[in-house]
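So the structure is just underneath, and the comments pick up after that.
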């Protein structure tokens, strides 16, 4: 047993010695509220894309509605990933607010219009699109 301990120490000694000399690098935990929100947005976007991806329709009206839903889901997932970059902006709270508001306005309008075929709130989508453009431009500030 003593020989085994000696052999193990002999084998691991160079690694232990190198570890002692290695500089400590602080590990910055990525996360915070922005990453959690991005996770929730991403999960809901994947669910929406899965919903949009299933089922084909014979009627042009239903196919158009499915395409509207899919467009909303695509914008949703793209901006869920973009939300991960919010921490790198100069004004993260502003950028996060714009991304969240724009994504909700655009995508939820598409979802609602596609599911109900009610076009009464359809003008909220362009407002959401403009808000998303402002979110992207907030990285320039």
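In the numbering used here, the protein residues as written are 61 to 201.
Heads up, the beta-carbon is just placed ideally off N, CA and C, and yes, glycines get one too.
Computed from a predicted structure; not experimentally measured.
When Cβ pairs closer than 8 Å are counted between the two stretches, the segment 141 to 154 is seen not to touch the segment 115 to 125, the count staying below three. Counting along the chain, residue 111 sits inside the alpha helix (DSSP H) bounded by residues 93 to 113. In the DSSP annotation of this structure, residue 201 is not part of any alpha helix (DSSP H), being labelled neither H nor E.
Beta-carbon to beta-carbon, residue 98 and residue 128 are separated by about 24 Å, too far to satisfy the 8 Å threshold. Taking one beta carbon from each stretch, the segment 134 to 141 and the segment 177 to 184 have fewer than 3 pairs nearer than 8 Å; the two do not touch.
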